[in-house]
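Notes to accompany the following structure.
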Amino acid sequence: MNPPPLTADDFSAFFRELWGADYDPFPWQREFARRLGDGQVPDYVAVPTGSGKTACLDAALFALAVQTALPMAERTQGRRIFFIVNRRVIVDEAYDRAGKLCKKLRDAVSDSMAGRVAAALRELSGESQSLPLMRAQLRGGIYRDRSWAGSLLQPMIICSTVDQAGSRLLFRGYGVSPQARPIHAALVAQDSLLIIDEAHI
């Protein structure tokens with residue numbers, strides 16, 4: 001028997017399963033997940049420093065899983081979730097969180113909430129044996145990993161500095177060949193959600 005489709009009401013259980021029974025999402029995080037799942041992407045989220053903005057990744061990922069129950073033409077949540085910020089240290093922190101999400105979803109028991117989310121993400125990738133989620137890091141000062149651009153279908157979290165994501169949107173990706181620039185621009189601009197942290201700076 002198949003479990004019922006995921007709904008926004010399941011986000012709190014998903015969050016607690018990921019991070020521990022004592023960790024409930026903040027009300028704004030629950031609302032963010034609900035809105036994304038309903039296809040209502042807010043223009044901005046204004047919360048103070050230390051309020052868990054990096055957990056926007058969890059909410060966006062959950063909303064993506066919720067929308068797998070919809071016909072493709074009705075889906076609004078991007079398969080690629082970009083977390084864009086102007087400081088490398090925050091890119092690294094978000095990348096670490098994305099790594100924990102990848103591991104928890106990969107290792108999840110099938111009848112758990114994380115297992116249900118993982119199954120939905122695998123369905124999106126088109127392969128039942130694929131990883132439910134992958135991650136990538138785009139910033140200077142590290143080895144350039146191009147594997148994130150290898151699939152249109154794979155759900156993915158990409159943690160990036162502003163210049164790395166922005167240059168790709170402008171068909172001028174750093175270290176990207178002229179032939180690959182349109183591909184990178186499309187991967188950032190289409191079927192993607194761009195979460196820009198500290199956009200006021």
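In terms of our numbering, the sequence shown is residues 1 to 201. Where is the CB? At the ideal position from N, CA and C, for every residue including glycine.
C-beta atoms of residue i and residue j nearer than 8 Å
i, j, result
"Lys103", "Asp197", "no"
"Ile84", "Ile183", "no"
"Glu123", "Thr68", "yes"
"Glu17", "Ser112", "yes"
"Arg139", "Arg172", "no"
"Ala189", "Leu169", "yes"
"Ser192", "Gly78", "yes"
"Ala59", "Phe11", "yes"
"Val47", "Trp19", "no"
"Tyr23", "Phe14", "no"
"Leu153", "Leu101", "no"
"Ala55", "Leu36", "no"
"Gly175", "Arg135", "no"
Distance between beta carbons of residue j and residue i, contact taken as under 8 Å
i, j, result
"Val212", "Leu6", "Only positions 1 to 201 of the chain appear in the structure, and residue 212 is not among them; the question remains open."
"Phe82", "Ala165", "6 Å"
"Ala65", "Ala120", "4 Å"
"Ala98", "Leu105", "About 11 Å separates the two Cβ atoms, so there is no contact after all."
"Pro178", "Pro155", "28 Å between Cβ atoms; not a contact."
Host alpha helix (DSSP H) of residue i (start-end)
i, result
"Gln137", "Where Gln137 is concerned, there is no enclosing alpha helix (DSSP H), although the beta strand (DSSP E) it sits in stretches over Met134 to Leu138."
"Phe82", "Run containing Phe82: none in the alpha helix (DSSP H); it sits in the beta strand (DSSP E), Arg80 to Val85."
"Lys216", "Residue 216 lies beyond the residue range present for the chain, which begins at 1 and ends at 201; the question has no answer from this structure."
"Tyr95", "Arg88 to Arg106"
"Trp28", "Pro27 to Gly37"
"Pro42", "Premise fails: Pro42 is in no alpha helix (DSSP H) and is neither H nor E."
"Met113", "Met113 to Ser125"
"Ser12", "Phe11 to Trp19"
"Leu152", "Counting along the chain, Leu152 falls outside any alpha helix (DSSP H), and DSSP gives it neither H nor E."
"Ile183", "Arg181 to Ala189"
Delimiting residues of the beta strand (DSSP E) encompassing residue i
i, result
"Ser160", "Met156 to Thr161"
"Ile195", "Ser192 to Ile196"
Closer than 7 Å: residue i CB and nearest the ligand SAH heavy atom
i, result
"Arg35", "Summarising the ligand content, the structure contains no ligands, and the ligand SAH is consequently not present."
Three Cβ pairs or more, each shorter than 8 Å: is that satisfied between the region 147-161 and the region 86-94? yes
Cβ contact check for the region 39-49 and the region 173-192: 3 or more pairs under 8 Å: no
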